[in-house]
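Asks: One structure coming up, written as structure tokens, with questions to follow.
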Amino acid sequence: MRAFDFWVMMLCCLCWGGNFVMTAWALGGSSVPPFMLAATRALLVLILMGFFLFRPLPKQFLRLLFVCFCVGPLHLGLLYTGLQTAPASGASIISQSLIPLASILSVTWLKERIGWRRSLAIIGALLGVCVMIYEPGALRLDVGLLYILGAYAALAVGTVAIRRVPDVDWRVYVAWTSVVVFVFCVMASLLLERDHAEIWNVDKGPLLIAATYAAISVSIIAHGQYFRILQSNPVNLVVPLTIMVTVFATILGVVILDETLHFRYIIGAALILPCVWFIARRGGPAPVEID
Numbered sequence: 008m009r010a011f012d013f014w015v016m017m018l019c020c021l022c023w024g025g026n027f028v029m030t031a032w033a034l035g036g037s038s039v040p041p042f043m044l045a046a047t048r049a050l051l052v053l054i055l056m057g058f059f060l061f062r063p064l065p066k067q068f069l070r071l072l073f074v075c076f077c078v079g080p081l082h083l084g085l086l087y088t089g090l091q092t093a094p095a096s097g098a099s100i101i102s103q104s105l106i107p108l109a110s111i112l113s114v115t116w117l118k119e120r121i122g123w124r125r126s127l128a129i130i131g132a133l134l135g136v137c138v139m140i141y142e143p144g145a146l147r148l149d150v151g152l153l154y155i156l157g158a159y160a161a162l163a164v165g166t167v168a169i170r171r172v173p174d175v176d177w178r179v180y181v182a183w184t185s186v187v188v189f190v191f192c193v194m195a196s197l198l199l200e201r202d203h204a205e206i207w208n209v210d211k212g213p214l215l216i217a218a219t220y221a222a223i224s225v226s227i228i229a230h231g232q233y234f235r236i237l238q239s240n241p242v243n244l245v246v247p248l249t250i251m252v253t254v255f256a257t258i259l260g261v262v263i264l265d266e267t268l269h270f271r272y273i274i275g276a277a278l279i280l281p282c283v284w285f286i287a288r289r290g291g292p293a294p295v296e297i298d
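Going by this note's numbering, the first residue of the sequence shown is number 8, and it counts up by one from there.
Right, dumping it as structure tokens:
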């Protein structure tokens, strides 16, 4: 992986980490429902990126829509629903299922290879995450955790499917993802959620703050660049780097939400950082795909 792409991935992880904190704040501290938040976020992205919908449709347009559905309404709907009830530490643990799920799919679907050294580095990074987020008694059985597991399974499928959509501008991808998210989440919100006008009057502040942050930093910057990087690098090289989301989310939780800086955070980060560096350094060129 090029140094530039590596640092862009770190920026993406920072944006995602901030979104984890922002979303938990908006959904947990107000009456904002998950699908209304996702639909508002998608509408803001459409306002900013709608121009790119008028570009010529890519050759593999149906595949692109499939990717958009997996990483858009399916992932966000399940994730936001789970975050309403799931404990934060449990949600962080389940989110790391993206790495083994995407790695397995990349090997079986794309015929990528994972060497034993990179496998050890991935395991070491996962252990670092466990050290950071482990809190005795915090992980309990919650139906929200099942929703979050489904969310990251959908994201894993979409992540691997991205490699099967060649020659698509990341801005076109972001624009069409926002269309798919907006259509599905508006329908879901109208069917499953109530009192939209009252929520807007009472909690439009948290709704707009969380949606604006997610629209710009996550949908446009993080997801857009993630799509671009996945088109030119193996899935099993890029996805393990997302483990840095936990590190950044923890740091932002301490700085922004005034959470306690536990010693286990420092130990976990000391395990994660060198492993992430090794994963990126061991990267080779992406395999050629024959369709």
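All residues carry an ideal CB built from backbone N, CA and C; glycine is no exception. Only a predicted model underlies this, so the values are computations on that prediction, with no experimental measurement involved.
Quick test of the definition: if touching needs 3 or more C-beta pairs under 8 angstroms, does the region 248-257 touch the region 73-82?
Replies: No contact exists between the region 248-257 and the region 73-82.
Asks: Exposed or buried, what is W284 when buried is set at 16 or more other beta-carbons lying within 10 Å of its beta-carbon?
Replies: It is exposed - the Cβ of W284 has fewer than 16 other Cβ atoms within 10 Å.
Asks: Assuming M29 and Y220 form a contact by the criterion Cβ under 8 angstroms, report the distance between their Cβ atoms to the nearest whole angstrom.
Replies: That pair is a contact at about 5 angstroms.
Asks: Start and end of the alpha helix (DSSP H) containing L192?
Replies: Note on residue identity: the sequence assigns Cys, not Leu, to residue 192. That run of the alpha helix (DSSP H) goes 177-199.
Asks: In the structure shown, what three-state DSSP assignment does T267 receive?
Replies: Three-state result, T267: coil.
Asks: In angstroms with no decimal places, state the Cα-to-Cα distance between L55 and A195.
Replies: Each residue's alpha carbon lies about 23 angstroms from the other.
Asks: Whole angstroms are fine: how far does the CA of G231 sit from the CA of R180?
Replies: Note that residue 180 corresponds to Tyr in the displayed sequence, not to Arg. Taking the straight line joining both Cα atoms gives about 7 angstroms.
Asks: Is the CB-CB distance between M16 and V167 below 8 angstroms?
Replies: Cβ distance not < 8 angstroms, so M16 and V167 don't count as in contact.
Asks: Cutting at 6 angstroms between CB atoms, please list the residues of its own chain near D210, excluding the five before and the five after it.
Replies: Excluding positions up to five away in sequence, the list reads S37, S38, V39.
Asks: Is the beta carbon of V237 sitting closer than 8 angstroms to the one on A163?
Replies: It should be noted that the sequence gives Leu, not Val, for residue 237. Against a cut-off of 8 angstroms, the Cβ pair of A163 and L237 comes out as no contact.
Asks: Quick check: the Cα distance between V261 and A10, rounded to an integer number of angstroms?
Replies: Roughly 29 angstroms separates the two Cα atoms.
Asks: Pick from G57, L156, V175, I155: whose alpha carbon is nearest that of F68?
Replies: Considering only alpha carbons, the answer is V175.
Asks: Under the three-state reduction of DSSP, which class applies to R171: helix, strand or coil?
Replies: Reduced to three states, the DSSP call for R171 is coil.
Asks: What are the start and end residues of the alpha helix (DSSP H) that includes H203?
Replies: That run of the alpha helix (DSSP H) goes 203-220.
Asks: Judging by CA-CA distance, which residue of L117, L197, A256, R62 is the nearest neighbour of L21?
Replies: The option with the nearest alpha carbon to L21 is A256.
Asks: Give me, in chain order, the residues of the same chain whose beta-carbon lies closer than 6 angstroms to that of F27; leave out the 5 immediate sequence neighbours on both sides.
Replies: The answer, listed in chain order, is A256.
Asks: Taking a contact to mean a Cβ-Cβ separation below 8 angstroms, would you say M104 touches N243 in this structure?
Replies: Looking at the sequence itself, residue 104 is Ser, so the reference to Met does not match. No, Cβ-Cβ distance for S104 and N243 is not below 8 angstroms.
Asks: Given this structure, state the Cα-to-Cα distance separating L215 from R70, to the nearest angstrom.
Replies: Taking the straight line from one Cα to the other gives about 31 angstroms.
Asks: Can you check whether the CB of I129 is closer than 8 angstroms to the CB of I111?
Replies: Cβ distance not < 8 angstroms, so I111 and I129 don't count as in contact.
Asks: For G131, collect the residues of the same chain with a Cβ closer than 7 angstroms to its Cβ; drop the 5 residues on either side in sequence, then sort them by chain order.
Replies: For G131, where only same-chain residues beyond five positions count, the Cβ hits under 7 angstroms are L278, C282.
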